[in-house]
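Here is the structure we will look at, set down as structure tokens.
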Amino acid sequence: MRIGELARRAGVSTRALRYYEQQGLIAARRSANGYREYDEDDLRIVAEIRSLLTVGFTLADARPFVACLRAGHATGGSCPDSVAVYRRKLAALDEEIRTLLARRAEVAAQLSAACPGCARKEQGEK
């Protein structure tokens, strides 16, 4: 399939596909007339990349998942390097959650100090 069809089927722009190619995540074959040609494996890889980007992974994070798919695994997350990326991401998210909870507690304390009784109203509105 050509780049336009892959873009349509994967739900990405042709520009994104060219960028993924430039980053070494996908590799187009060239037809006799120079057009980029892709196959169903490329579609699976792009779908995996999109899925990862949607939940906050970077393209660098996606590399082990792409390698796992290229190695013939059914999913990109089934290889040890991919699992390590999942674990790092979960640890980072846990840290972000702790930070946000601490900020929330501080803002709630400031509200309580500035407006006694207001914090109770805010808690009841959750």
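If you're matching positions, the sequence shown starts at 703 in our numbering and goes up one per residue. The beta carbon of each residue, even a glycine, is placed where N, CA and C say it ideally should be.
**Message:** I believe residue 725 touches residue 761 by the beta-carbon criterion, under 8 Å. Please report the beta-carbon distance rounded to the nearest angstrom.
**Reply:** Counted from its first residue, the sequence shown places residue 725 at position 23. Counted from its first residue, the sequence shown places residue 761 at position 59. The pair is a contact, with the Cβ atoms about 6 Å apart (cut-off 8 Å).
**Item:** Rounded C-alpha distance that separates residue 800 from residue 790
**Value:** For this step, residue 800 is matched to residue 98 along the sequence shown. For this step, residue 790 is matched to residue 88 along the sequence shown. Each residue's alpha carbon lies about 15 Å from the other.
**Request:** Return the chain-ordered list of same chain residues with a C-beta closer than 8 Å to the C-beta of residue 785, the five sequence neighbours on each side being excluded.
**Result:** As a first step, residue 785 must be located in the sequence shown, where it is residue number 83. Here the set comprises 779.
**Item:** Spatial distance of residue 713 from residue 796 (CA atoms)
**Value:** If you number the sequence shown from 1, residue 713 lands on position 11. If you number the sequence shown from 1, residue 796 lands on position 94. Distance between the alpha carbons of residue 713 and residue 796: 30 Å.
**Asked** With residue 745 and residue 711 assumed to form a contact (beta carbons below 8 Å), what rounded beta-carbon distance in angstroms separates them?
**Response** Here residue 745 corresponds to residue number 43 of the sequence shown, with the count starting at 1. Here residue 711 corresponds to residue number 9 of the sequence shown, with the count starting at 1. The C-beta distance from residue 745 to residue 711 rounds to 6 Å, short enough to fall under 8 Å.
**Request:** Could you name the residues of the same chain whose beta carbon sits closer than 8 Å to that of residue 732, not counting the 5 residues immediately before and after it, in chain order?
**Result:** By 1-based counting over the sequence shown, the position of residue 732 is 30. The residues are 738, 739.
**Request:** Take residue 766 and list the residues in its own chain whose beta-carbon comes closer than 7 Å to its own, dropping the five residues that flank it on each side.
**Result:** The residue labelled residue 766 in the question sits at position 64 within the sequence shown. If we look at residue 766 and ignore the five residues flanking it on each side, its Cβ neighbours are 781, 783, 784, 787.
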